[in-house]
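Residue numbers (our numbering): 6 to 256.
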């Protein structure tokens, strides 16, 4: 598959009338500008985090979502997905909606299991054993290193990954998932009970097309001053095999 990624443009701005600039002390005007600049910086970080998180928040939607739209008019060929992953499937697909490799194999990387030591083992095995094949169905090495959860599962993730023994186990069984992955809490995840395992830096590519650029100018027709900020970024799923999702929303 050829994978495409589209960059989005995010912008904001403010107008200062000629009278406001003329009547406001220079120091106070500088403070106002600094306040806007700081707000823009924080706002861009929030937008970027929310945009990136939507790959997970909307990744199981069977009808897809705009965050996966890779089409660029006049640039990308016809047929490029506008709501789903590069292969026409949701990023996280369940076993009743398998994706096919070029070698003819069928795969899925979505589960409907709550976070527990046993279910984490199921997700781990799905990723490292079943899905550790390339497009020709040849064996490749995939080993996850992170467990991604919302704040609602923060304590559960620590119990699963840090307890020496299985909680409430009658035989005081050893917890085999202890230290298996690094728990990572992300406040921008929407699903309270969903969890994801994956390899950091693999499978998903962040496209930082243009750093935030602030511009300031005067409109000579009305004397007003304008300030604006523009930034461009995008994200694309490069390879679904490096991530497993469970208990996520499908619509």
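A virtual CB, placed ideally from N, CA and C, is assigned to each residue, including glycine. Predicted model, so just to flag it, every value in this text is computed and none were measured.
Nearest-angstrom Cα separation, counted from residue j out to residue i
i	j	result
residue 193	residue 226	43 Å
residue 159	residue 84	40 Å
residue 18	residue 29	19 Å
residue 144	residue 99	22 Å
residue 202	residue 20	46 Å
residue 166	residue 156	15 Å
residue 246	residue 127	15 Å
residue 25	residue 38	13 Å
residue 96	residue 234	32 Å
Within 8 Å, strictly: CB atoms of residue i and residue j
i	j	result
residue 188	residue 45	no
residue 249	residue 152	no
residue 22	residue 229	yes
Same chain only: Cβ atoms within 7 Å of residue i, ignoring 5 sequence neighbours per side
i	result
residue 243	8, 208, 209, 210
residue 255	65, 66, 67
residue 172	164
residue 41	19, 232
Beta-carbon contacts of residue i that lie in its chain and below 6 Å, excluding the five residues immediately before and after
i	result
residue 54	193
Presumed contact (8 Å Cβ cut-off) between residue i and residue j, rounded CB distance
i	j	result
residue 88	residue 10	Not confirmed; about 14 Å, so no contact.
residue 92	residue 6	6 Å
Chain-order list of residues whose beta-carbon lies under 8 Å from that of residue i (same chain, five-residue window excluded)
i	result
residue 240	10, 56, 57, 60, 72, 209, 210, 211, 212
residue 133	147, 148, 149
Cβ-based burial, residue i [other Cβ within 10 Å; buried from 16]
i	result
residue 130	exposed
residue 214	exposed
residue 251	buried
residue 122	buried
residue 236	buried
residue 154	buried
residue 238	buried
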